[in-house]
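Mind the numbering: the sequence shown is residues 485 to 698 in the numbering used here, read in order.
So the structure is just underneath, and the comments pick up after that.
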Amino acid sequence: MRVELGFALRLAWIPLAFLLGVRGLHAVRDFGQPTELLHISTVPACLAQEVTRHRPVYRSFDAPPYYLALYGPLLYYIPGWINRSLEWGGTDLVMLGRGISLGALGVGVVVLARLMRRWGHASASLTALMTGMFLASGVLWPICLSFRPDAAEFMFVALAGAALLRWERSALRLLAIPLLLAAFLYKQSAVSALAGFAAYLWLRGRRGAAVGFV
């Protein structure tokens, strides 16, 4: 049975390697193309520019410059603060946002693989295969190559999960809370991870910890 499973895993790498190659080529091509300039996601870059200019991000949509800040403040303030030293604008600021997203994706993927390997008890080959399948997703790259909060949210949620699992029976598990807060300050949907972590503790019989976690 183990031999058959190993053969199946190796066989699965054939189409996966092709998909990863295609996704990688698309990522290299698309990274240098500021498609956000033709899409509504150029708005985060404009709002980051407002931070650079010491102007408020969250204001009435009925007043100029008519930008609606849909996401959490860290999406705009982190690149905006960085840009106060760089003094970039336009396409360069879009690329800064893209670089932050890509870096966050890389960290998140490493943490996710570590979670599968150490706490999911997956073999090295299965971990590599599952990580490759995640990276081959047709949705992942268009989103995480954009000036959007999704990659940073994913990274902080993954780090919070690692902290919770590493120190589940210690007060240090509460380190997951500021990490979840950082994820929430990127994108509000991160609140669902808090409920998920509390449910995990509850199902593990640690009901006091689950209640204290939320």
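For every residue, glycine included, the Cβ atom is placed at its ideal position computed from N, Cα and C.
Predicted model only: the values in this text are computed from it and were never measured.
Between L531 and V541, the gap from beta carbon to beta carbon is short of 8 Å. In chain order, P528, L531, A532, V535, V541, A553 place their CB closer than 7 Å to the CB of Y560, counting only its own chain and leaving out the 5 sequence neighbours on each side.
For S569, the enclosing alpha helix (DSSP H) stretches over residues 557-570. In the three-state DSSP reduction, A660 falls in the helix class (H, G or I). Note on M639: 16 or more other CB atoms within 10 angstroms of its CB, so buried under the neighbour-count rule.
The beta-carbon distance between L664 and A677, rounded to whole angstroms, is 6 Å. This is short enough to meet the 8 Å contact definition. The DSSP-derived three-state label of L552 is coil.
Contact check for S621 against S585 fails: the beta carbons are separated by 8 Å or more.
The shortest CA-to-CA distance from S569 to any of F618, R537, L687 is the one to R537. By a beta-carbon distance limit of 8 Å, A635 contacts G592. Their separation comes to about 7 Å. In the DSSP assignment, E652 falls outside any alpha helix (DSSP H), carrying neither H nor E.
S673 sits in a helix when the DSSP states are folded into three classes. DSSP places V593 in the helix class (H, G or I) of the three-state scheme.
For V535, the enclosing alpha helix (DSSP H) has its first and last residue at 526-536. Contact between L648 and F681 is confirmed by a C-beta separation of about 6 Å, below the 8 Å threshold.
Per the coordinates, the alpha-carbon of L656 lies some 31 Å from the alpha-carbon of L613. Within the same chain, Y555, G556, P633, D634, E637 come within 7 Å of K671 by CB-CB distance, once the 5 residues on both sides are set aside. 8 Å or more divides the Cβ of R598 from the Cβ of A608. With a beta-carbon spacing of about 18 Å, L589 and L669 fall beyond the 8 Å limit used to define contacts.
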